[in-house]
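A.B. asks:
Residue numbers (the numbering used here), protein chains in the order written: chain A, 4 to 115; chain B, 4 to 121.
#1: Just mark residue 2(B) as buried or exposed, buried being the case when its beta carbon has 16 or more other beta carbons within 10 Å.
#2: Could you name the residues of the same chain whose beta carbon sits closer than 6 Å to that of residue 76(B), not counting the 5 residues immediately before and after it, in chain order?
#3: Please classify residue 121(B) as buried or exposed, where buried requires at least 16 neighbouring CB atoms within 10 angstroms.
#4: Whole angstroms is fine: what's the gap from residue 20(A)'s alpha carbon to residue 80(A)'s?
#5: Below 8 Å on C-beta distance, what does residue 11(A) contact in chain B?
#6: Can you tell me where the beta strand (DSSP E) holding residue 10(A) begins and where it ends?
#7: From the beta carbon of residue 46(B), is the nearest beta carbon of chain A less than 8 Å away?
#8: When DSSP labels each residue in this structure, what does residue 37(A) get in the three-state scheme?
#9: Inspect the beta-carbon positions of residue 48(B) and residue 70(B) and report whether they are closer than 8 Å.
#10: Given residue 98(B), which residues of its chain have a CB within under 8 Å of its CB, disregarding the five upstream and five downstream residues?
#11: Nearest to residue 26(A) by alpha carbon, out of 41(A), 70(A), 60(A) and 63(A)?
#12: Given this structure, state the Cα-to-Cα distance separating residue 15(A) from residue 16(B), to the nearest angstrom.
#13: What residue range is occupied by the uninterrupted beta strand (DSSP E) comprising residue 79(A)?
#14: Taking a contact to mean a Cβ-Cβ separation below 8 Å, would you say residue 62(A) touches residue 35(A) in this structure?
#15: Name, please, each residue of chain B whose Cβ falls closer than 7 Å to the Cβ of residue 103(A).
#16: Residues in the stretch 44-66 of chain A with C-beta within 8 Å of chain B's C-beta atoms, listed in sequence order?
#17: For the beta strand (DSSP E) holding residue 16(B), just list the boundary residues, first then last.
#18: Can you tell me which of 13(A), 72(A) and 44(A) puts its alpha carbon nearest to the alpha carbon of residue 33(A)?
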């Protein structure tokens, strides 16, 4: 099955700085790459996603970049705020297959 | 904004008992899922359901698990004889792949049902 790895497992940043989380995957046929944010005790919520025909996507302070050759994609959060503190999960799926394979998550802590 | 709803929010049960977790997906969605998350670990796929049948299941989804869409709105997960290791948060999710041309669409998760097996 799909192997999804996230690094680093924990990331602490000063408020206002940028945070970058990297996700690697194993199946080159993967074509959908979402990032989910999960606050403590809450449901995972989609914050941004990208498909394999695009290299980068941005939504305000959030961006995702995809490197299909190297099989990794990254989440970029700029001007971090305390409310960005959460666990961020990357996930991967194949075309025509709605099953998402999640990574283990990155704990992001924004220090005020 | 429409959302996926789940009941109960928390259930405590004895090992060996049957448990049914309930979900109401977003009304115009076609794909339904169950995922689980053991405390502090990643979210794991259990099963997907489309057109009134299971479309895919993981190795976790063994004979003790079953899903059903008993009417036009509910989607249930039954665990026939619970084990200690079934203790987890169970998330229901739904998606509408029509919006993405049949490709994987955004999954909308419910708030989860926490199952504790004693």
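From the three backbone atoms N, C-alpha and C, an ideal C-beta is built for every residue, glycine too.
The model shown is predicted, which means the values in this text are computed figures rather than measured ones.
C.D. replies: In short, the structure shows the following:
#1: No answer is possible for residue 2(B): the residues shown for chain B start at 4 and end at 121.
#2: Cβ neighbours of residue 76(B) beyond the five flanking positions: 27.
#3: exposed
#4: Cα to Cα, the separation comes out at about 9 Å.
#5: None at all; the shortest Cβ gap to chain B is about 15 Å.
#6: Residue 10(A) -> beta strand (DSSP E) spans 7-10.
#7: yes
#8: strand
#9: no
#10: 32, 33, 34, 36, 107, 108, 109, 110 and 111
#11: Taking residue 26(A) as reference, the option from 41(A), 70(A), 60(A) and 63(A) with the minimal CA-CA separation is 70(A).
#12: 38 Å
#13: For residue 79(A), the enclosing beta strand (DSSP E) has its first and last residue at 75-80.
#14: With contacts defined by Cβ atoms closer than 8 Å, residue 62(A) and residue 35(A) do not form a contacting pair.
#15: 48 and 110
#16: 45, 46, 47, 48, 49, 52 and 54
#17: Note, residue 16(B): beta strand (DSSP E), 13-16.
#18: Ranking the options by Cα distance to residue 33(A), first place goes to 72(A).
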